[in-house]
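Since the structure comes first, as structure tokens, the remarks are kept for the end.
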Amino acid sequence: MTYHDFEAGQAAFQDDMVAKYDRAFRQYSNQELVRVFNQMITLENVSCILELGAHRAPTSKRFMRAKPGRKAVAIEANPFNYAKFGPLAEDVGVLYLNYALTDKTGPLNLVLSDSDRDRKRGHTKTSNSILRNLDFGRTKNVEVPGITFDDLENEPAFKEYLPSLSDARAALWIDVEGALSQLLDGAKTALPKCLFAMAEVERVERFEGQKTVEHVAKQFADLGFYPFLRDSEYMPTQHNVIFVNGALIEPSKLDEIKQVFISNIKSFTPEVNV
């Protein structure tokens with residue numbers, strides 16, 4: 005199935021709901037997709053979450069608190085976020101590392117929004133990226149350590165915390181602010197060891213030089229992942245997609261989860277889902 009076919013199938017039961025209910029439905033669709041993501045964690049006995057583009061690392065912290073014996077790795081490019089939010093994540097056992105995930109290991113520039121408000125907030129904005137956000141006005145660059153996902157697997161702190169990615173039954177939550185294509189270019193050996201990924205994608209270029217969803221879906225496909233379900237969170241420009249590793253998860257195993265998601269989406273009304 006091509007991404008075009010997948011998108012057409014999703015649009016068939018989501019687009020009319022977006023048009024009818026707008027923000028209320030868009031938020032609900034995201035809640036439903038997150039519910040599916042968590043259901044898949046249980047179904048596949050996921051023992052480790054990798055939160056790539058972590059900010060406050062909410063997914064990692066919830067995962068760790070939900071069940072003893074789990075592991076979570078949170079990767080954050082912004083050194084100001086790392087300094088502020090890292091200790092809170094580490095308090096619950098998350099390994100929180102300061103790296104920008106990209107296609108080549110080595111230092112690179114992170115482009116920060118540099119408005120007066122950003123300065124007052126200590127540059128902890130969520131939408132900073134290794135690519136320039138086209139909505140930013142004044143910006144400044146800060147050099148950060150870049151690493152590929154493939155090299156991250158052998159990074160000393162990562163390796164000590166998670167000796168074998170293959171044995172971790174790992175799932176990914178990816179929100180790297182337009183740099184997903186670069187991440188995937190550097191993930192050719194590590195990503196196929198993971199079960200599934202929930203990734204934020206864009207339909208339009210929001211960052212300078214960004215690759216949009218059709219391109220990154222092809223990159224996922226080349227690594228053995230197919231699109232499973234999507235939400236409509238920020239349609240028509242941005243949404244989230246769960247990509248599944250077809251070599252590690254039998255598609256038929258997810259049929260019931262898919263049908264419940266579709267049924268819930270189709271039956272949405274603001275009155276019932278307040």
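In my numbering, the protein residues as written are 5 to 278. No residue lacks a Cβ here, since even glycine has one placed at the ideal position from N, Cα and C. Everything numeric in this text was worked out from a predicted model, so none of it was measured.
Item to check | DSSP-derived helix/strand/coil call for Arg121 | outcome: Residue state, collapsed to three classes: helix.
Checklist entry - What span of residues does the beta strand (DSSP E) with Met202 cover, start to end? => result Residues 200-206.
Checklist entry - Along the chain, where does the alpha helix (DSSP H) that runs through Lys222 open and close? => result Annotation: the continuous alpha helix (DSSP H) that includes Lys222 extends over 217-226.
Checklist entry - So, Leu99 versus Val77, is the Cβ gap smaller than 8 Å? => result By the CB criterion at 8 Å, Leu99 and Val77 fall inside the cutoff.
Checklist entry - Helix, strand or coil for Pro83 per DSSP? => result Helix.
Checklist entry - Ala81: which of Glu204, Tyr32, Ala58, Tyr238 sits nearest, CA to CA? => result Out of Glu204, Tyr32, Ala58, Tyr238, Ala58 has the C-alpha closest to the C-alpha of Ala81.
Next on the checklist: On the DSSP letters alone, give me the boundaries of the beta strand (DSSP E) that Lys24 sits inside.
Outcome noted: DSSP places Lys24 outside any beta strand (DSSP E); the residue lies instead in the alpha helix (DSSP H), whose first and last residues are 7-25.
Item to check | Buried versus exposed, by CB contacts within 10 Å (16 or more), Asp122 | outcome: Label assigned to Asp122: buried.
Next on the checklist: Please return the same chain residues whose Cβ sits closer than 7 Å to the Cβ of Arg69, not counting the five positions on each side in sequence.
Outcome noted: If we look at Arg69 and ignore the five residues flanking it on each side, its Cβ neighbours are Val96.
Item to check | Beta-carbon proximity of Tyr103 to Leu156, cut-off 8 Å | outcome: With contacts defined by Cβ atoms closer than 8 Å, Tyr103 and Leu156 form a contacting pair.
Checklist entry - In angstroms, rounded to a whole number, what distance separates the CA positions of Lys75 and Lys129? => result Put simply, the backbone Cα of Lys75 is about 26 Å away from that of Lys129.
Checklist entry - From Ala191 to Glu275, what distance separates their C-alpha atoms? => result Cα-Cα distance, rounded: 43 Å.
Checklist entry - Going along the chain, which unbroken runs of the alpha helix (DSSP H) with 4 or more residues stay wholly within the region 41-120? => result Counting whole runs of 4 or more residues, the region 41-120 contains the alpha helix (DSSP H) stretches 62-70, 83-94.
Item to check | Cα-Cα separation between Lys71 and Asp118, rounded to whole angstroms | outcome: Going by the C-alpha atoms only, they are around 40 Å apart.
Next on the checklist: Within a Cβ cutoff of 6 Å, which residues of the same chain sit near Val217, ignoring the five residues on either side of it in sequence?
Outcome noted: Apart from sequence neighbours up to five positions away, the residues of its chain that approach Val217 with a beta-carbon distance below 6 Å are Val205, Arg207, ordered along the chain.
Next on the checklist: Helix, strand or coil, according to DSSP, for Gln31 in the structure here?
Outcome noted: Looking at Gln31 - three-state DSSP - the assignment turns out to be helix.
Checklist entry - In the structure shown, what three-state DSSP assignment does Ile134 receive? => result Three-state result, Ile134: coil.
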